[in-house]
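Colleague: Numbering (mature numbering (1 follows the signal peptide of the UniProt record, and there is no 0)), first residue to last: -22 to -1, 1 to 214.
Can you read through this structure? Questions will come right after.
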Amino acid sequence: MTVRALGLTAIICTVWALPASAQFTGDLAFDPDGCMAERKCILRSPLLFIDGAKRTWRAEAGDVTDGASIPDWAQSIIGGPWDEAYLKAAVLHDHYCDRRTASWGDTHLMFYEALIELGVSVYKSKLMYYAVYVGGPRWIDMVAPTCGDGSGAPCADGQQPTMKRIGEIVRGERYDRLDMRAEMAEVSARMDADPDMSLEDLRSMAAKNHPEDPFLKQDGPVRAGEPADRFMRSMR
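So, in structure tokens, the structure goes:
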């Protein structure tokens, strides 16, 4: 996971808030010994996180991680790639960004809740959430109408088609394509002026800063054909 955070001030916040009943289960240990120097580690045992909505997120033993890829200029603020302050959250976030078994929005929200549970300040957690919400990977299901067994046969008279998932549209992280440093400085300034900014406020700010982003306009699956083609054209 890459977090392109910024020249920020006042990272440490003394106010903490934990999602109700959020918790981690499992120790974070890697193989082989010394793997952190090579930036390729294998998770030794499962890692579980139960979020505030009682949803379980799980990274499996054998998962490969490169830690959190933090640029050199941000490491004095955010921490290094193996910083234990948020490493568990980064491992889980990587797992679900790679496998895409949950929505991108839920995955990034889980990252925020995991940061809070790990004791990262609310201020810093919100900044990191905004960074992955705007610059992190995104994906959306592509669906098509189908009848019967989904073989492609035409619908019988009076039969209503159902939408079947036939694929997905994926956009990788784009921290390098955006001026994240300037944007995150703007977020930091807004949060300094309004410490009570909610996650919804941050999402609204992201939509205002990126009105062209199709992922911020599309709540559910996109239909195959021209709608999907139009969606993909708008990603460029």
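Beta carbons are placed, not taken as given, at the ideal position from N, Cα and C, and that holds for glycine.
Could you check whether Arg168 and Met175 sit closer than 8 angstroms to each other, using their CB atoms as the reference points?
Modeller: yes
Colleague: Is it true that the CB of Val165 sits closer than 8 angstroms to the CB of Leu105?
Modeller: yes
Colleague: Pairing CB atoms from the segment 132 to 142 with CB atoms from the segment 98 to 117, are three or more of them under 8 angstroms?
Modeller: no
Colleague: Use the C-beta contact count for Ser182: other C-beta atoms within 10 angstroms, 16 or more gives buried, fewer gives exposed.
Modeller: exposed
Colleague: Determine, using beta-carbon pairs with one atom in the segment 24 to 34 and one in the segment 58 to 65, whether at least three such pairs fall under 8 angstroms.
Modeller: no
Colleague: For the alpha helix (DSSP H) that Met88 lies in, which residues bound it at each end?
Modeller: 82 to 95
Colleague: What does the alpha-carbon distance come out to for the pair Ile(-11) and Ala202?
Modeller: For Ile(-11), the predicted structure reports a pLDDT of 34, less than 50, and the residue's modelled location is therefore unreliable. The matter cannot be settled from this model.
Colleague: Quick check on the DSSP output: what are the complete beta strand (DSSP E) runs of length 3 or more inside the segment 131 to 167, in order along the chain?
Modeller: Correct list: 140 to 149.
Colleague: Pick from Cys125, Gly145, Glu146, Ile147: whose alpha carbon is nearest that of Gln137?
Modeller: Cys125
Colleague: What are the residues that DSSP puts in a beta bridge with Trp117?
Modeller: Val148
Colleague: What is the DSSP secondary structure of Pro205, counted as helix, strand or coil?
Modeller: In the structure shown, the three-state DSSP call for Pro205 is helix.
Colleague: Given a threshold of 16 other Cβ atoms within 10 Å of its Cβ, counted over all protein chains shown, does Cys19 qualify as buried or as exposed?
Modeller: buried
Colleague: Going along the chain, which residues of its own chain have a beta-carbon closer than 7 angstroms to the beta-carbon of Lys195, five neighbours each way excluded?
Modeller: none
Colleague: Who are the near neighbours of Ala206 in its chain, counting only those whose CB is closer than 7 angstroms to its CB and skipping five residues on each side?
Modeller: Met120, Ile147, Val200
Colleague: Rounded to whole angstroms, what is the Cα-Cα separation between Pro10 and Gly40?
Modeller: 11 angstroms
Colleague: Using only the alpha-carbon positions, how far apart do residue 219 and Gly114 sit?
Modeller: Nothing about residue 219 can be reported from this structure: the residues present for the chain run from -22 to 214 only.
Colleague: For Phe193, collect the residues of the same chain with a Cβ closer than 6 angstroms to its Cβ; drop the 5 residues on either side in sequence, then sort them by chain order.
Modeller: Arg116, listed in sequence order.
Colleague: Does the Cβ of Gly198 have 16 or more other Cβ atoms within 10 Å, making it buried, or fewer, making it exposed?
Modeller: exposed
Colleague: For a test of the three-state rule: what should DSSP assign to Arg36, helix, strand or coil?
Modeller: strand
Colleague: For the beta strand (DSSP E) that Leu65 lies in, which residues bound it at each end?
Modeller: No beta strand (DSSP E) holds Leu65; the alpha helix (DSSP H) holding it covers 65 to 77.
Colleague: Can you name the residues that DSSP bridges to Pro123?
Modeller: Met141
Colleague: According to DSSP, is Leu105 part of a helix, a strand, or is it coil?
Modeller: helix
Colleague: Assuming Met14 and Gly57 make a contact with CB atoms under 8 angstroms, what is their CB distance in whole Å?
Modeller: Actually they are not in contact, since the Cβ atoms of Met14 and Gly57 sit about 13 angstroms apart, beyond 8 angstroms.
Colleague: Go ahead and label Val98 buried or exposed: buried means 16 or more other beta carbons lie within 10 angstroms of its beta carbon, across all protein chains shown.
Modeller: Counting every other CB atom within 10 Å of its CB across the protein chains shown gives Val98 a total of 16 or more, marking it as buried.
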